[in-house]
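*Asks:*
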Amino acid sequence: MNSTFITNSLRFVMLLAIQVVIFNNINFLGFINPYPYILFIILYPVNGNKAGLLMASFFLGLIMDMFSNSGGVHAAACVTLAYFRPAFFRFSFGVSYEYQTVKITDKLSPERFSFILIAVVTHHLVLYLLEIFRFNFIWDILLRTLLSTIFTLLLCIIIIYLIKPSKR
Amino acid sequence: MQQIFNFILKNSNKLLFLLLLGISLSLTIQSHSYHRSRYISSANAFTGFVYEKINNVKEYLNLREQNNQLAFENAELKKLLYNGVDSLGTNVSMPKPSGLENIKVYNAKVINNTFNSKENYLTLLGGEKDGLKADMGVVNSLGVVGIIEKTSSSYSTVQSVLNVKSQINAKIKKSNHFGSLIWNGRNVGFAQLIDVPRLASVRKGDTIVTGGRSEIFPENIPIGTIDKVYIDKATNYYTLNVRLFNDMTNLGHVYVIENLKRAEIQKLEEETKNE
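Going down the list, the sequences are from chains D and U.
By the numbering used here, the letter at position 44 of the first sequence is numbered 44, and the numbering carries on one by one without gaps.
Every number in the numbering used here is 1000 more than the matching position in the second sequence, counting from 1.
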């Protein structure tokens, strides 16, 4: 229990640092930025404390908002993702996901891929809806969500493979 | 009573979610509305410190461009200086004695720059202890950059020209016809000058500068050139697409302009309105 807490705190700080220092400066094609910091919410233990996850995602988003001057946009998107995470688990891994221990960092299977995809799309859609906040930019919102989702998804999978503990 | 407690215990996660979502939504709405203070901003000490450290590294990547820009600006200033000397060798444009100037100029450095959103902000190294205050104009040698939104003791955030909320009074240099400079959120190289009367003679390539009606910017600071002319069907005014002189994606040192008469002008206008 104690070691998972330390792992998660470390992950929280590391992902935020990487996001702010590197990924916020990518600006691919002028407007596409990946947001792999949401890996914190995706990789949080399946049976972990739900209230703790909600609080942690709120602060994760709030710190991102401070860095990008965006009010509460990231916080809202992160909290939404954290709250609906169990539903996404149920959708991707079947109803009884809590009994079989699901490990997201394992080999990439269609279930894991679909879970990460849904999580990223949800987060980005809420993020861009709130960030742009105007209905006359609706096509812009959808385009940005689509392109950033592809970018974030690729980075998430790469990062998962990089930090995966080696098999003994 | 028992049932209320049971309800709260049973739905504690849902209630926590709604509470946190409510907080973040209210922060979001606050940041989208006009003239509100922003609590969550990159002007605070922690984020400012991080951006300053990042900028220390990134600064080296465009030193050459910054140098060229400074040299260009120096040449322009030298031109002004030498042309101001008349045949007797005295300087015609005498500087005003101190205490009587209207405009004060501060030096600041951009340490963070966003341009991929619809509401873009810059972070400056330089805050209240350097004399910067909210609603001062920010320019560089090429033209207008934005308006200071919020300051902390050593950092400040700037609402960039590339922000769909910003609105700057501007005019066509040749004909003195006024309009408002806005950004439609599409292309980072262009802003739009709206509400230009149909009487104005506009041509592609004409220069757009800041107008004298704004108490934030002095008159005749360059903004850009006209790229395209439209007629707004609804209002029958011209809408001009303006190609900005500034490359907003690459900013280094900037100047912050304080109009010392601003408080006086505002007080007078306020009193006139209340009469």
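Just so you know, even glycine gets a beta-carbon here, dropped at the ideal spot from N, CA and C.
1) In the DSSP output, what is E1119/U paired with across the bridge?
2) Mind the definition here: the region 76-93 of chain D touches the region 1015-1025 of chain U only if three or more C-beta pairs lie below 8 Å; say whether that holds.
3) With a threshold of 9 Å between beta-carbons, can P76/D be considered close to chain U, or not?
4) Starting from the C-beta of G1212/U, find all residues in its chain whose C-beta is less than 6 Å away, skip the five residues before and the five after it, and write them out in chain order.
5) Ignore the nearest five residues each way along the sequence and tell me which others in R144/D's own chain have a CB closer than 6 Å to its CB.
6) At a Cβ threshold of 9 Å, is F5/D touching chain U?
7) Report yes or no: is there a C-beta of chain D within less than 9 Å of the C-beta of F1005/U?
8) Restricting to Cα atoms, I'd like to know which of L1199/U, F1178/U and N1067/U is closest to T1207/U.
9) Do the CB positions of L1244/U and G1189/U come within less than 9 Å of each other?
10) Quick one, which of D1232/U, Y1051/U and A1108/U has its alpha-carbon nearest I1257/U's?
11) Is there contact here, the region 57-65 of chain D with the region 131-148 of chain D, by at least three beta-carbon pairs under 8 Å?
12) Who are S1152/U's beta bridge partners in DSSP?
13) Measure the alpha-carbon distance for V1254/U versus L1070/U and round it to whole angstroms.
14) What residues in the region 1112-1124 of chain U bring their beta carbon closer than 7 Å to a beta carbon of chain D?
15) Which residue marks the beginning of the beta strand (DSSP E) containing G1179/U, and which one marks its end?
16) Assuming I1172/U and V1202/U are in contact, meaning their beta carbons sit under 8 Å apart, how far apart are those beta carbons, in whole angstroms?
17) Are the beta-carbon atoms belonging to V1139/U and I1221/U less than 9 Å from one another?
18) Specify the secondary structure class of Y1082/U as computed by DSSP and reduced to three states.
19) Whose CA, out of P36/D, H74/D, S68/D and L29/D, lies closest to the CA of T188/D?
20) Going along the chain, which residues of its own chain have a beta-carbon closer than 7 Å to the beta-carbon of S1175/U, five neighbours each way excluded?
21) Note the first and the last residue of the continuous alpha helix (DSSP H) segment covering D140/D.
22) Using a cut-off of 9 Å between C-beta atoms, extract the partners of L1266/U located in chain D.
23) Closest by CA to V1110/U, which one among I1008/U, K1079/U, F1049/U and A1075/U?
24) Is any beta-carbon of chain U found at less than 9 Å from that of S70/D?
25) So, helix, strand or coil for E1258/U, using DSSP?
26) For a contact meaning CB atoms closer than 7 Å, what does V1050/U contact in chain D?
27) How big is the Cα-Cα spacing for D1227/U and N1246/U?
28) Taking only the alpha-carbon atoms, compute the straight-line gap between L43/D and F31/D and give it to the nearest angstrom.
29) Below 8 Å between beta carbons is the criterion; list the residues of the region 1016-1035 of chain U that meet it against any residue of chain D, in chain order.
30) Answer with buried or exposed for W1183/U, where buried requires no fewer than 16 other C-beta atoms within 10 angstroms of its C-beta.
31) Quick check: the region 1231-1242 of chain U against the region 1155-1168 of chain U, are at least 3 beta-carbon pairs closer than 8 Å?
32) In whole angstroms, what is the alpha-carbon distance linking E1149/U and K1053/U?
33) Counting C-beta neighbours from all protein chains within 10 Å, is the total for I132/D 16 or more, i.e. buried, or is it exposed?
34) N136/D and N1116/U - do their beta-carbons sit closer together than 9 Å?
35) Mind checking whether T1282/U and L1193/U have CB atoms under 9 Å apart?
*Replies:* This is what the structure gives:
1) Start at 1 with the first residue of the second sequence, and residue 1119/U comes out as number 119. Paired residue(s): N1163/U.
2) yes
3) Locating residue 76/D in the first sequence gives position 76, counting from the first residue. The residue asked about is misnamed: residue 76/D is Ala in this sequence, not Pro. True, the Cβ-Cβ gap to chain U drops below 9 Å.
4) What you label residue 1212/U is simply residue 212 of the second sequence in a count that begins at 1. So the qualifying residues of the chain are E1219.
5) Looking up residue 144/D in the first sequence gives position 144. Same-chain partners within the cutoff: Y128.
6) Within the first sequence, the letter at position 5 stands for residue 5/D. Not one chain U Cβ lies under 9 Å of F5/D.
7) As a working mapping, residue 1005/U is identified with position 5 in the second sequence. Answer no: the Cβ-Cβ gap between F1005/U and chain D never drops below 9 Å.
8) Here residue 1207/U refers to the residue found at position 207 when the second sequence is read from its first residue. Minimum Cα distance to T1207/U is reached at F1178/U.
9) For the purposes of this step, residue 1244/U is taken as the residue at position 244 of the second sequence. For the purposes of this step, residue 1189/U is taken as the residue at position 189 of the second sequence. The answer is yes: Cβ separation under 9 Å.
10) Start at 1 with the first residue of the second sequence, and residue 1257/U comes out as number 257. Per the Cα distances, A1108/U.
11) no
12) Taking the second sequence and counting its residues from 1, the one referred to as residue 1152/U is at position 152. Its beta-bridge partners do not exist; DSSP assigns none.
13) On the second sequence, position 254 is the one that residue 1254/U refers to. On the second sequence, position 70 is the one that residue 1070/U refers to. Approximately 11 Å, taken between the alpha carbons.
14) T1114, N1116, S1117, K1118 and Y1121
15) Looking up residue 1179/U in the second sequence gives position 179. Start and end: F1178 to I1182.
16) Taking the first residue of the second sequence as 1, we reach residue 1172/U at position 172. Taking the first residue of the second sequence as 1, we reach residue 1202/U at position 202. Contact flag correct, Cβ pair sits at about 6 Å.
17) For this step, residue 1139/U is matched to residue 139 along the second sequence. For this step, residue 1221/U is matched to residue 221 along the second sequence. In contact: V1139/U and I1221/U (Cβ atoms closer than 9 Å).
18) In the second sequence, the residue the question calls residue 1082/U occupies position 82. Y1082/U falls in the helix class under three-state DSSP.
19) This structure cannot speak to residue 188/D, because chain D is shown only from 1 to 168.
20) One-based indexing of the second sequence puts residue 1175/U at position 175. Contacts found: A1200 and S1201.
21) The residue you call residue 140/D lines up with position 140 of the first sequence. Element bounds for D140/D: I138 to I163.
22) The residue you call residue 1266/U lines up with position 266 of the second sequence. It is worth fixing the name first, because residue 1266/U is Gln in this sequence and not Leu. Simply none; closest approach about 26 Å.
23) Walking along the second sequence from the start, residue 1110/U turns up at place 110. The candidate whose alpha carbon is nearest that of V1110/U is F1049/U.
24) Taking the first sequence and counting its residues from 1, the one referred to as residue 70/D is at position 70. S70/D counts as touching chain U.
25) The residue you call residue 1258/U lines up with position 258 of the second sequence. Residue state, collapsed to three classes: strand.
26) Against the second sequence, residue 1050/U aligns to sequence position 50. Per Cβ cutoff of 7 Å: V20.
27) On the second sequence, position 227 is the one that residue 1227/U refers to. On the second sequence, position 246 is the one that residue 1246/U refers to. So the two alpha carbons sit approximately 14 Å from each other.
28) In the first sequence, the residue the question calls residue 43/D occupies position 43. In the first sequence, the residue the question calls residue 31/D occupies position 31. Whole-angstrom Cα-Cα distance: 27 Å.
29) L1016, F1017, L1020, L1021, I1023, S1024, L1025, S1026, L1027, T1028, I1029, Q1030, S1031 and H1032
30) Here residue 1183/U refers to the residue found at position 183 of the second sequence. The residue is buried, with at least 16 neighbouring Cβ atoms inside 10 Å.
31) no
32) Reading the second sequence from its first residue, position 149 is the one you call residue 1149/U. Reading the second sequence from its first residue, position 53 is the one you call residue 1053/U. Looking at the two C-alpha atoms, the distance is approximately 22 Å.
33) As a working mapping, residue 132/D is identified with position 132 in the first sequence. Buried.
34) On the second sequence, residue 1116/U is found 116 positions in, with the first residue counted as 1. On the first sequence, residue 136/D is found 136 positions in, with the first residue counted as 1. Not closer than 9 Å, so no.
35) Coverage of chain U is limited to positions 1001 through 1275, which leaves residue 1282/U absent and any answer about it impossible.
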